[in-house]
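Q: First the structure, then my questions, so here it is.
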Amino acid sequence: LLLVLTGNGTGKSSSAFGMIGRSVGHGLHCGVVQFIKGTWECGEHLLFKDHPLVSFHVMATGFTWETQDRDKDIAAAEKTWDAACSLLTDDSISVVLLDELTYMLTYGYLDKQQVLDTLSRRPAHQHVIVTGRNASPELLELADTVSEIKDTKHAFNAGIKVQKGIDY
-16 LLLVLTGNGT GKSSSAFGMI GRSVGHGLHC GVVQFIKGTW ECGEHLLFKD
34 HPLVSFHVMA TGFTWETQDR DKDIAAAEKT WDAACSLLTD DSISVVLLDE
84 LTYMLTYGYL DKQQVLDTLS RRPAHQHVIV TGRNASPELL ELADTVSEIK
134 DTKHAFNAGI KVQKGIDY
């Protein structure tokens, strides 16, 4: 299956990592590629980075929406995508999480058609989870399952800072 978790609400990555945890619990080999995240301590990374059933890759560039060096950001995204491609062609990997991939497509850091083609050609038994806001119509069309996470109320909007274990 190709699952897309999108929308403006929080919890997309948390849900995806729950699926990684469930898969590891069943003894499945998993791959995680995090675009954007990685310059701060993240509970999911701490939990899975050394797990023998999880191959974990992080872009770790401190990606921001207003880039200071677009060429450098594109190069980092492409290098991280290369790691994703190695997982998406590895028959031994049962589940791949492409965390925050949608941003790489929205901002044109990766070639959308190349990403869609690679997702389409992955091993038949391999499940892929893609997270991030504003998933493209083409990605949504390719997906088997799409969940849109809506933000009804969020503590941050009331001035409450992000919380360890809940938000990161």
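Take the sequence shown: its letter number 96 is residue 79 in the working numbering, and every next letter is one higher. For every residue, glycine included, the Cβ atom is placed at its ideal position computed from N, Cα and C. Since the model is a prediction, treat every value here as computed from it, not as a measurement.
When we look at the beta-carbon of residue 98 and count the other beta-carbons within 10 Å, is it buried (16 or more) or exposed?
A: Numbered from its first residue, the sequence shown carries residue 98 at position 115. Here residue 98 is buried: its Cβ has 16 or more other Cβ atoms, across all protein chains shown, within 10 Å.
Q: Inspect the CB distances between the stretch 2 to 18 and the stretch 131 to 141 and report whether three or more fall short of 8 angstroms.
A: no
Q: When DSSP labels each residue in this structure, what does residue 83 get in the three-state scheme?
A: Taking the sequence shown and counting its residues from 1, one reaches residue 83 at position 100. DSSP places residue 83 in coil when its eight states are reduced to three.
Q: Can you check whether the CB of residue 103 is closer than 8 angstroms to the CB of residue 70?
A: On the sequence shown, residue 70 is found 87 positions in, with the first residue counted as 1. On the sequence shown, residue 103 is found 120 positions in, with the first residue counted as 1. No; because the gap between Cβ atoms is not below 8 angstroms, this pair is not in contact.
Q: Mapping DSSP to helix, strand and coil, what is residue 1?
A: Residue numbering aside, residue 1 sits at position 18 when the sequence shown is read from its first letter. Residue 1 falls in the helix class under three-state DSSP.
Q: Can residue 83 and residue 19 be called in contact, C-beta distance under 8 angstroms?
A: The residue you call residue 83 lines up with position 100 of the sequence shown. The residue you call residue 19 lines up with position 36 of the sequence shown. Yes; because the gap between Cβ atoms is below 8 angstroms, this pair is in contact.
Q: Count the other C-beta atoms from every protein chain shown that fall within 10 angstroms of the C-beta of residue 143, then say buried if there are 16 or more, exposed otherwise.
A: To locate residue 143, count along the sequence shown from 1; it is residue 160. So residue 143 ends up on the exposed side.
Q: Considering Cα atoms alone, identify which of 96, 115, 111 and 138 is closest to residue 126.
A: Looking up residue 126 in the sequence shown gives position 143. Considering only alpha carbons, the answer is 111.
Q: Have a look at residue 92 and residue 54 and give me their C-alpha separation to the nearest angstrom.
A: As a working mapping, residue 92 is identified with position 109 in the sequence shown. As a working mapping, residue 54 is identified with position 71 in the sequence shown. So the two alpha carbons sit approximately 9 angstroms from each other.
Q: Start and end of the beta strand (DSSP E) containing residue 15?
A: What you label residue 15 is simply residue 32 of the sequence shown in a count that begins at 1. 13 to 17 is the span of the beta strand (DSSP E), which, as asked, contains residue 15.
Q: Over the uninterrupted beta strand (DSSP E) stretch that includes residue -12, give me the two end residues.
A: The count along the sequence shown starts at 1 and reaches residue -12 at position 5. From DSSP, the beta strand (DSSP E) with residue -12 extends over -15 to -11.
Q: Taking the beta carbon of residue 96 as the centre, do at least 16 other beta carbons fall within 10 Å, making it buried, or is it exposed?
A: On the sequence shown, residue 96 is found 113 positions in, with the first residue counted as 1. So residue 96 ends up on the exposed side.
Q: Measuring only the C-alpha atoms, how far is residue 137 from residue -12?
A: Taking the sequence shown and counting its residues from 1, one reaches residue 137 at position 154. Taking the sequence shown and counting its residues from 1, one reaches residue -12 at position 5. Cα-Cα distance, rounded: 18 angstroms.
Q: What does DSSP give as the partner residues of residue 137 in its beta bridges?
A: The residue labelled residue 137 in the question sits at position 154 within the sequence shown. BP columns for residue 137 are empty, so no partner.
Q: Would you kindly work out how many angstroms separate the C-alpha atoms of residue -16 and residue 146, rounded to a whole number?
A: Within the sequence shown, residue -16 is the residue found at index 1, counting from 1. Within the sequence shown, residue 146 is the residue found at index 163, counting from 1. Approximately 32 angstroms, taken between the alpha carbons.
Q: Output needed for residue 81: all residues of its chain with C-beta closer than 8 angstroms, excluding positions within five of it in sequence on either side, in chain order.
A: As a first step, residue 81 is located in the sequence shown; it is residue number 98 there, counting from the start. Cβ neighbours of residue 81 beyond the five flanking positions: 16, 18, 67, 111, 112, 113 and 114.
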